[in-house]
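Undergrad: In the numbering used here, the protein residues as written are 975 to 1571.
Ideal Cβ positions, reconstructed from N, Cα and C, are used throughout, including at glycine.
Have a look at the structure that comes next, please.
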Ligand code: NDP
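This is how it looks when you write it as C-alpha cells:
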C-alpha cells in the first residue's frame, strides 16, 4: 500500500478545495504569454497525437476483452480460493442489482430508506465493492477527495481518515454499507448474470446466471460499473510468454506475497502507464529486483500531498455536511454580478482560447515538475505528456516520478508506438528483447458497457445492443423505452464526473424515487415514453461536439481511442447541474414523461 508520509501539522481538510483534481480555468484571467507560445505547443500536441494514431489507427479494436481460452486466466478472481458451492436459486425479489459496487450500494440504501425490503445483489466477485473489490494492487487509492468520493458519509456517520482514501478503506466502507442496509442477506456472489429477459405477461424480469439460477425480479438495476471488464492490448505473441503474468485488476499476491517480498529476486515488466500503473509502479519499484516500464503515452502527474484528517475538523462537522459539499459542487463557483457580466461580454472565441492557453500553462507546470524530480534528462523528456489536461485521466502521485531515479527502474519509452510483440521471455521493442519473470498488464478496461457479460432482452425480445444499433437511445442514460422496470447506472448518455460517485448518487436518488412512485401509485411498471427518449437523445447530441477537443486529444478511452462519428453514443456534456435539474424537473411530471402499467 502507499506509504505516503504523514505531514505535521496537517492542513485542515476544510481549507482544501473540494475536488483537488480539478484545475479551475478562469476565462476572465488573461493569458500569460504571447499567443505564438501557445500555438507552438498546440502544434506539438497535434504531432504527438498524430504519431500515436498512426501506429494504432484501429481505435478500440486494438484491445480485446474477450478473455476466453488462453486469455481466460486474466479474469480469474485471485481473491477467492475456490467457488462457493450452492444450489441454483429460482425465487422472485422486488429489486435485483446486477453488480455490487457503489452503484448498487448507494441506490439500495435509498431504496431501504423508502421501505423496499426485498433487494438482491448479484455479483461476479466474492464480495461487494466493485472496483474496490477487484483492484487491490499495491498503492491502490482514489484520486478524488475522500470526503466527496466515499458515498453516504452522512448516513454512515463516518469521516475518512485522510484527504485521499486508500483502496482498503474504501473497500471496508462498501462492506459497512452492505452490513448497515442488510444487503448481504439476499446477496449472491461469484455469480455472473448472463441473461436478463422481460416477461411481459408476468411483468417480471427473468434473470439467468452462470450458476444455473433462474431468478425473477420486478425491477432490475444494471449496476455493473463503468470500468469493470479488464481488457488487454492485442500484442503479437503474448500467449507465448512463459513467465507469470496478470492484469492490474487481478493483482496476484499469491505470487508476489502480500508485502511484495516475492518480487525481490524477480524482473518485473509493466505494460501501460495509466492511472493504475502510476499507483503500482512506485510500490513495485521498491520491491522488485528490476522493473521495466513499457510506456506508450505518459500520464500527467500532479502533486498529491495527502494529509490525515484533522480530528478537530472531523468533530466539528454537522449532520448533512457531505450533502452540503455535494450541492456546492453541483452549483459550481459563485460569481459576483460583475464577473457574470464580464463573462457574458466575453466573445466565445476569447473564452475558448483563454481556457486552452491556461490548460497549456498547467501542462507546462506538469512538465516542469518532471524536470525538477527526474534526474536523467532523457527519461525526464520521455515522461513529459504532450496533450491538453483532461485528454487523459490526470494522476496525482508523489512517488511515481521519483521512482524513475531508482537504479533498478528502467523506462522503455515506445514514443507512441506501444509494445507490439511479446515472446517467450518478454516484450520486444525495436528488435531488443526485454526478458522478465513477471508481466503486469495495466492496459485498462471496457468502458461504460451496460450489457457486459449479459444479454438484455426487453419487450418484443429486442436485445438492448440491437436497439442501440443506430445509436444509443435512453432517458438520462438510465431508462430505455421498451425495457420497463430496467434502470441503467454508469452507462453513456449520462453526465460524466471526475468524481464518479457524485454522478452515481444522482442516478441512484432518481431511480429510488421512480420505484417509490410506482409503488405509491399502485402501478406495476414504469417505462420511458418514446418522445421523452427522443428529447433526451436530442439533448445529448445538442451538447456534444461543441469543440474539437475530442478530435484534438491524444487517443485514449476518453475519446474512444481517436474514433470519430460517435453520434449520441457518449456522455451528456451539459453541466452536471443541468443533468440533475433535468432529472428533478422530469420527476415533477412523471405521467407526462413515463408510461405506467
Ligand atoms: P487506462 O486505459 O487509463 O490505461 C491503459 C494504459 O495502457 C495506457 O497507458 C495505454 O497507453 C497503455 N497501453 C495499451 N496498450 C499498450 C501497448 N501495446 N503498449 C504499451 N502501453 C499500452 O487504464 P487504467 O487501468 O490505468 O485506468 C483506467 C481508469 O480507472 C482511470 O482512467 C481512472 O478512471 C480509473 N482509475 C482511477 C484511479 C484513481 O483514482 N487513482 C486509479 C486507477 C484507475 P495509451 O495511453 O497510449 O493508450
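Do residue 1243 and residue 1410 have their C-beta atoms closer together than 8 Å?
TA: The answer is yes: Cβ separation under 8 Å.
Undergrad: Under 7 Å from any heavy atom of ligand 1, does the C-beta of residue 1148 make it?
TA: Not under cutoff, so the answer is no.
Undergrad: Can you tell me whether residue 1233 is buried or exposed? The criterion is at least 16 other CB atoms within 10 Å of its CB, across all chains shown.
TA: Residue 1233 comes out exposed.
Undergrad: Residues in its own chain within less than 7 Å of residue 995 by CB, not counting five upstream and five downstream?
TA: In this prediction, residue 995 scores a pLDDT of 46, lower than 50, which makes its location untrustworthy; no coordinate-derived value is stated.
Undergrad: Do you know how far the Cα of residue 1417 is from the Cα of residue 1043?
TA: Residue 1043 and residue 1417: Cα-Cα distance of roughly 19 Å.
Undergrad: Is residue 1369 helix, strand or coil when you go by DSSP?
TA: Three-state DSSP puts residue 1369 in a strand.
Undergrad: Go ahead and pull the three-state DSSP assignment for residue 1570.
TA: Of the three classes helix, strand and coil, the one that applies to residue 1570 here is strand, per DSSP.
Undergrad: According to the neighbour-count rule (16 or more other Cβ atoms, all chains shown, within 10 Å of its Cβ), is residue 1316 buried or exposed?
TA: So residue 1316 counts as exposed.
Undergrad: On the three-pair Cβ rule with 8 Å, is the region 1062–1073 touching the region 1129–1137?
TA: No, the region 1062–1073 is not in contact with the region 1129–1137.
Undergrad: Grab the span of the alpha helix (DSSP H) containing residue 1474 for me, first residue to last.
TA: 1474–1494 is the extent of the alpha helix (DSSP H) around residue 1474.
Undergrad: Helix or strand or just coil, what does DSSP make of residue 995?
TA: Summary for residue 995: the model assigns pLDDT 46, below 50, so the residue's position carries little reliability, and this model does not support an answer.
Undergrad: With distances taken between CB atoms, is the gap from residue 1394 to residue 1209 smaller than 8 Å?
TA: Taking 8 Å as the Cβ cut-off, residue 1394 and residue 1209 qualify as a contacting pair.
Undergrad: Using CA coordinates, which residue listed in 1507, 1050, 1083 and 1398 is at the minimum distance from residue 1228?
TA: Nearest of 1507, 1050, 1083 and 1398 to residue 1228, Cα basis: 1050.
Undergrad: CB-CB under 7 Å to residue 1100, same chain, minus the five flanking residues each way: which ones, in chain order?
TA: The answer, listed in chain order, is 1051, 1053, 1054, 1163 and 1164.
Undergrad: Quick check on residue 1486: buried or exposed, where buried means 16 or more other Cβ atoms within 10 Å of its Cβ?
TA: Answer is buried; the Cβ neighbour count reaches 16.
Undergrad: Going by C-alpha distance, which of 1287, 1004 and 1078 is nearest residue 1463?
TA: Residue 1463 has its Cα closest to that of 1078, out of 1287, 1004 and 1078.
Undergrad: The beta strand (DSSP E) that contains residue 1161, what's its start and end?
TA: Run containing residue 1161: none; DSSP gives neither H nor E here.
Undergrad: How many angstroms separate the CA atom of residue 1304 from the CA atom of residue 1554?
TA: Approximately 8 Å, taken between the alpha carbons.
Undergrad: Around the C-beta of residue 1221, are 16 or more other C-beta atoms found within 10 angstroms, so that it is buried, or is it exposed?
TA: It counts as buried.
Undergrad: Should the region 1373–1386 be called in touch with the region 1257–1274, which here means at least 3 C-beta pairs below 8 Å?
TA: Yes: at least three Cβ pairs fall under 8 Å.
Undergrad: Can you grab the Cα-Cα spacing for the pair residue 1205 / residue 1563, in whole Å?
TA: Going from the Cα of residue 1205 to the Cα of residue 1563 covers about 42 Å.
Undergrad: Start and end of the beta strand (DSSP E) containing residue 1660?
TA: As displayed, the chain neither begins before 975 nor continues past 1571, which places residue 1660 out of reach and without an answer.
Undergrad: In whole angstroms, what is the alpha-carbon distance linking residue 1201 and residue 1274?
TA: If you take the alpha carbons of residue 1201 and residue 1274, they lie about 20 Å apart.
Undergrad: Per DSSP, which one or two residues make a beta bridge with residue 1401?
TA: The partner list for residue 1401 (beta bridge, DSSP) reads 1396.
Undergrad: Ordered along the chain, which non-local residues of its own chain (more than five positions away) have a Cβ less than 8 Å from that of residue 1177?
TA: Only 1192, 1458, 1459, 1498, 1499 and 1571 meet the Cβ criterion.
Undergrad: Taking three-plus beta-carbon pairs below 8 Å as touching, is the region 1339–1354 in contact with the region 1008–1024?
TA: No, the region 1339–1354 does not touch the region 1008–1024.
Undergrad: Across which residues does DSSP place residue 1210 in a beta bridge pair?
TA: Its beta-bridge partners are 1395.
Undergrad: Using beta-carbon positions only, say whether residue 1064 and residue 1189 come within less than 8 Å of one another.
TA: In contact: residue 1064 and residue 1189 (Cβ atoms closer than 8 Å).
Undergrad: Any idea if residue 1481 is buried or exposed, counting beta-carbon neighbours within 10 angstroms, 16 or more meaning buried?
TA: The residue is buried, with at least 16 neighbouring Cβ atoms inside 10 Å.
Undergrad: Taking the alpha-carbon positions, what's the residue 1358 to residue 1011 distance?
TA: Rounded to the nearest angstrom, the two C-alpha atoms are 18 Å apart.
Undergrad: Hey, which unbroken runs of the alpha helix (DSSP H) at 4 residues or more fall wholly within the region 1137–1187?
TA: Within the region 1137–1187, the complete alpha helix (DSSP H) runs of at least 4 residues are 1141–1154.
Undergrad: Say yes only if the C-beta of residue 1250 is nearer than 7 Å to one or more non-hydrogen atoms of ligand 1, and no if none qualify.
TA: Yes, ligand 1 has a heavy atom inside 7 Å of this Cβ.
Undergrad: Under three-state DSSP, which class holds residue 1071?
TA: Strand at residue 1071.
Undergrad: What is the rounded straight-line gap between the Cα of residue 1525 and the Cα of residue 1547?
TA: Cα-Cα distance, rounded: 15 Å.
Undergrad: Please state whether DSSP places residue 1385 in a helix, a strand or coil.
TA: In the structure shown, residue 1385 sits in a strand (DSSP, three-state: E or B).
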